[in-house]
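Chemist: Top line first, the protein sequences correspond to chains A and B.
The working numbering numbers the first residue of the first sequence as 180 and each following residue consecutively.
The working numbering numbers the first residue of the second sequence as 365 and each following residue consecutively.
Glycine included, each C-beta is placed from N, C-alpha and C at the ideal position.
Below you'll find the structure I mean.
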Amino acid sequence: MKDPTLPETIQLGHGSGGIMTRELLDQIVFEYFGNPLLDRKHDGAVLDIPGPVAISTDSFVVSPIFFPGGDIGDLAINGTVNDVAMCGARPRYLSLGFILEEGLPLEAFRRVVQSVRKAADAAGVQIVTGDTKVVEKGKGDQIFINTTGIGTLHPGANIGLERVKEGDSLLLSGPLAAHGMAIMSKREGLEFESEIRSDTAPLHEIILALLDRFGDKVHLLRDPTRGGLASVCSEIAGDAGLGIFLDETQIPVDSQVSAACEILGLDPLYVANEGVFCAFVEPGIAAEALALVQDHKNGRQAALVGNVTAEHVGKVVMRSTIGGTRIVTPLLGEQLPRIC
Amino acid sequence: MKHLTEYRDLEATQKVIAQIGKTATRTWKIMEICGGQTHSLVRNGILQLLPETIQMIHGPGCPVCVTPADLIDQAVALMEKGVILCSFGDMIRVPGNRMSLLEAKANGGDLRVLYSPLEAVRIARENPGREVVFFAVGFETTAPANALSVLQASKEGLQNYSILVSHVLVPPAMEGILDDPFCQIDAFLGAGHVCAIMGYREYHPIAARFKIPIVVTGFEPLDLVQGIYHAVRQLEAGEYRVENQYTRAVTEEGNTAAQQVIQQVFRVSDRKWRGIGTIPNSGYAMRPEFAAFDAEQKLDLQQPSESRENPCMAGAILKGQKKPRECPYFGKECTPRSPMGAPMVSSEGACAAYYHFAHQ
């Protein structure tokens with residue numbers, strides 16, 4: 180669909196705050212995000228939220244912006260929704276900031292905005308305030324998005340690093356590395372029998388169901404995005420002053436994803452996920468919690484992958500498929516592929 | 365991915381480890397040549413599972429570890445001149461005398477991290493106004509693709525593509541290690557990927573001359589323990605032959621098409637190995653007819669500077685004379701975050717492998 184007053188690409192004027200900005204907002208942004216709060220077109224939104232409130236912010240700079248299984252739009256919603264959910268809260272309102280690069284095809288922008296809308300609806304959150312800026316060509320990379328999310332804390336939630344205890348079970352809600360490998364396969368032009376798709380998905384419904392049922396027996400929730408499971412576990416082990424043991428044979432990884440990791444020399448433990456969480460729970464509820472997660476469509480392949488131990492304090496140790504053990508260190512910089 | 369699960373099988377691997385334990389009647393020191401094998405030994409926790417009689421010595425087969433610092437300096441200098449420098453990912457954090465490629469990128473250099481040199485040819489095609497250089501490091505494994513990139517660029521008549529050659533060869537390094545009077549190695553695990561290209565004909569004279577078993581070995585846990593088992597069987601029987609454990613990928617003659625491509629573009633030459641020094645006939649250089657694609661000849665490169673004093677004991681580590689933990693800087697001043705030497709950088713470097721994975 181073409182709009183008579185809009186050119187085919189984003190221009191600097193679209194970020195000027197003048198008429199072009201208004202045209203862009205009216206014809207694309209407001210078209211998809213009409214709601215009473217946003218429709219006031221005020222500088223900000225006034226929200227009436229019962230406390231306590233959880234808040235989280237995240238910026239999204241993924242390249243390519245469209246990838247198998249999703250795009251930067253749904254990623255920007257699900258990523259922040261999940262961060263709020265990991266606090267033990269129900270995400271309710273989101274802010275949405277776009278930084279667009281001059282020359283971006285308008286159609287691409289429209290697709291992303293549609294996708295934002297769809298993901299926000301699916302997650303049951305409202306976009307209540309936003310911003311659009313345009314930078315000169317070469318000063319950005321098509322689209323950057325920032326979202327901030329606010330949610331109300333679940334009354335039964337008591338989530339915190341200090342609550343992680345020796346003996347806690349580590350539950351992983353799904354197979355690792357799908358998001359990172361979907362991006363890498365697209366960048367490297369790898370093709371498999373079936374396409375590797377990003378796992379981007381909102382996780383708050385599973386989290387809230389866990390909290391409804393088990394309350395404060397859920398000690399800590401994290402979504403292993405950048406840096407993967409290895410980095411999250413290393414961070415927790417170091418900060419909590421405990422050891423974490425992982426069992427490689429229990430960690431789910433889809434076979435195509437595993438194959439792509441082998442080809443590119445990457446370790447799935449370090450690859451980004453966008454639709455997976457890990458939960459440290461009391462050992463007594465581990466089996467029931469696992470069954471509950473597996474009942475959800477985004478948790479079918481959940482598994483108990485390890486536990487917290489007083490041994491090897493500050494370190495993550497993994498037992499390999501052949502029964503040896505190794506240390507799992509956090510990701511240093513970018514994960515670099517091996518060359519032979 | 366049938367081979368993956370098959371060669372990572374707990375029962376099969378432990379069965380072979382038990383056989384090694386039963387067969388070995390004394391201590392044997394076995395060197396795995398290839399950094400990929402070191403990585404797998406440590407990553408899968410195989411070192412702790414082996415009987416005490418087997419001591420694995422980690423060899424020099426980590427290409428980025430043995431690439432001289434002055435070549436990194438040359439690559440950095442090229443980036444500073446505005447060249448598009450293309451490199452494998454492993455290379456970019458390795459410290460040169462001045463800085464690493466990644467630091468040069470942060471300073472404004474144009475660095476592209478690639479999986480294949482043919483992508484660098486594409487970049488040259490798409491940027492006719494700019495000079496594009498591929499940093500061609502590696503053993504015999506990466507040589508065919510690097511050579512192919514030169515043939516492709518030549519075929520297309522590209523005048524803005526060249527490669528900075530830093531190719532090293534495995535057999536001369538093995539001989540160099542065995543010639544060392546302090547060498548204590550009883551057997552070698554040959555590098556499976558290198559042999560997939562080159563075959564293993566050239567290993568027969570080495571096994572005979574030094575009376576040492578050489579077992580061409582793969583990279584999965586079961587491959588490695590099988591390779592070790594074959595070596596121990598030979599050692600216990602007083603034999604010294606070339607054996608091939610990695611039959612699913614390696615034949616005696618190797619990949620002859622790949623060898624032809626290598627020979628067409630490269631000739632054997634002396635090479636300097638970082639931490640070890642110059643080894644005669646231990647690398648590849650560009651043949652004169654492809655000089656136009658040789659960055660060193662084509663672009664006015666600075667003469668390699670003398671490497672700075674560095675207390676890193678990479679040489680002793682790469683020759684298997686020292687274990688990473690025997691270095692006083694290991695895990696203290698020297699970590700993957702601030703590496704003093706190359707073996708701490710590459711995931712195939714012995715120091716990085718120990719730092720990342722080994723906890724005993």
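#1: Hey, is residue 610(B)'s beta-carbon within less than 8 Å of any beta-carbon in chain A?
#2: Kindly indicate which three-state DSSP category residue 694(B) falls into: helix, strand or coil?
#3: Assuming residue 590(B) and residue 380(B) are in contact, meaning their beta carbons sit under 8 Å apart, how far apart are those beta carbons, in whole angstroms?
#4: So residue 497(A) and residue 402(A) are in contact, right, with Cβ under 8 Å, and what is the actual spacing, rounded?
#5: What are the boundary residues of the beta strand (DSSP E) that includes residue 305(A)?
#6: When the Cβ atoms of the region 239-259 of chain A are set against those of the region 338-346 of chain A, are three or more pairs found closer than 8 Å?
#7: Between the C-alpha atoms of residue 463(B) and residue 444(B), what's the straight-line distance to the nearest angstrom?
#8: My output table needs one value for residue 396(B): the three-state DSSP class, helix, strand or coil.
#9: Residue 269(A) lies in the beta strand (DSSP E); which residues open and close that run?
#10: Report the start-end ranges of each alpha helix (DSSP H) in the region 498-579 of chain B that is 4 residues or longer and not cut off at the edges.
#11: Span of the alpha helix (DSSP H) holding residue 424(B)?
#12: Look at the alpha carbon of residue 409(A) and the alpha carbon of residue 454(A), and state the distance between them as a whole number of angstroms.
#13: May I ask you to list, following chain order, the residues of the region 480-509 of chain A that have a beta carbon less than 9 Å from some beta carbon of chain B?
#14: Please determine, among 721(B), 619(B), 678(B) and 686(B), the residue with the shortest C-alpha to C-alpha distance to residue 508(B).
#15: Could you give the DSSP three-state label for residue 650(B): helix, strand or coil?
#16: Where does residue 365(B) land, buried or exposed, given buried means 16+ other C-beta within 10 angstroms?
#17: What is the DSSP secondary structure of residue 241(A), counted as helix, strand or coil?
#18: Check whether the region 388-398 of chain A and the region 429-439 of chain A touch, using three or more Cβ-Cβ pairs below 8 Å as the test.
#19: Mind checking the region 335-367 of chain A against chain B and listing, in chain order, the residues whose C-beta falls within less than 8 Å of any C-beta there?
#20: DSSP three-state label for residue 477(A), please.
#21: On the DSSP bridge list, what partners appear for residue 482(A)?
#22: Tell me where the alpha helix (DSSP H) around residue 387(B) begins and ends.
#23: Flag residue 585(B) as yes if its beta-carbon sits less than 8 Å from any beta-carbon of chain A, otherwise no.
#24: Please identify, using Cβ separations under 7 Å, the residues of the region 379-399 of chain B that lie next to chain A, in order along the chain.
#25: Taking C-beta to C-beta, are residue 460(B) and residue 500(B) nearer than 8 Å?
#26: Where does residue 535(B) land, buried or exposed, given buried means 16+ other C-beta within 10 angstroms?
#27: Under a three-way DSSP split, which group does residue 640(B) fall into?
#28: Should residue 533(B) be flagged as near chain A, meaning a C-beta pair shorter than 8 Å?
#29: Following the continuous beta strand (DSSP E) through residue 331(A), name the residue where it begins and the one where it ends.
#30: With a threshold of 7 Å on Cβ separation, who are the neighbours of residue 724(B) within its own chain once the five nearest residues in sequence on each side are excluded?
#31: Compile a chain-ordered list of the residues in the region 400-416 of chain B whose CB is closer than 7 Å to at least one CB of chain A.
#32: I want to know whether the region 273-280 of chain A touches the region 315-329 of chain A - three or more CB-CB distances under 8 Å.
#33: Apply the 10 Å Cβ neighbour rule to residue 228(A) and answer buried if 16 or more other Cβ atoms are within range, or exposed otherwise.
#34: Drop a sphere of 10 angstroms on the beta-carbon of residue 572(B), count the other beta-carbons inside from all chains shown, and report buried for 16 or more, exposed for fewer.
#35: Between the Cα of residue 482(A) and the Cα atoms of 426(A), 363(A) and 437(A), which residue gives the shortest distance?
#36: Along the chain, where does the beta strand (DSSP E) containing residue 607(B) start, and where does it finish?
Modeler: By the coordinates alone:
#1: no
#2: Taken through DSSP and simplified to helix, strand or coil, residue 694(B) comes out as strand.
#3: Confirmed, about 6 Å.
#4: Rounded, the Cβ-Cβ distance is 20 Å, inconsistent with contact.
#5: In the DSSP annotation of this structure, the continuous segment of the beta strand (DSSP E) that includes residue 305(A) starts and ends at 305-314.
#6: no
#7: 12 Å
#8: The answer is strand: DSSP assigns residue 396(B) an E or B state.
#9: 268-280
#10: Runs found: 507-520, 534-543, 556-562 and 567-574.
#11: No alpha helix (DSSP H) holds residue 424(B); the beta strand (DSSP E) holding it covers 418-425.
#12: 16 Å
#13: 491, 494, 496, 497, 498, 499, 500, 501, 502, 503, 504, 505, 506, 507 and 508
#14: 619(B)
#15: strand
#16: Because the pLDDT of residue 365(B) is 49, which lies under 50, any placement of that residue in the model is unreliable, and the number read from its coordinates should be weighed accordingly. By the neighbour-count rule (16 or more Cβ atoms within 10 Å), residue 365(B) is not buried but exposed.
#17: coil
#18: no
#19: Taking 8 Å as the Cβ-Cβ cut-off against chain B, the residues of the region 335-367 of chain A that qualify are 367.
#20: helix
#21: 351(A)
#22: From DSSP, the alpha helix (DSSP H) with residue 387(B) extends over 374-387.
#23: yes
#24: none
#25: no
#26: buried
#27: coil
#28: no
#29: 322-332
#30: Because residue 724(B) carries a pLDDT of 46, less than 50, the predicted location of this residue cannot be relied on, and the following value inherits that uncertainty. So the list reads 412, once near-sequence residues are dropped.
#31: 400, 406, 407, 408, 409, 410, 412 and 413
#32: Pairwise C-beta distances place the region 273-280 of chain A in contact with the region 315-329 of chain A, as three or more of them are shorter than 8 Å.
#33: exposed
#34: exposed
#35: 426(A)
#36: 606-608
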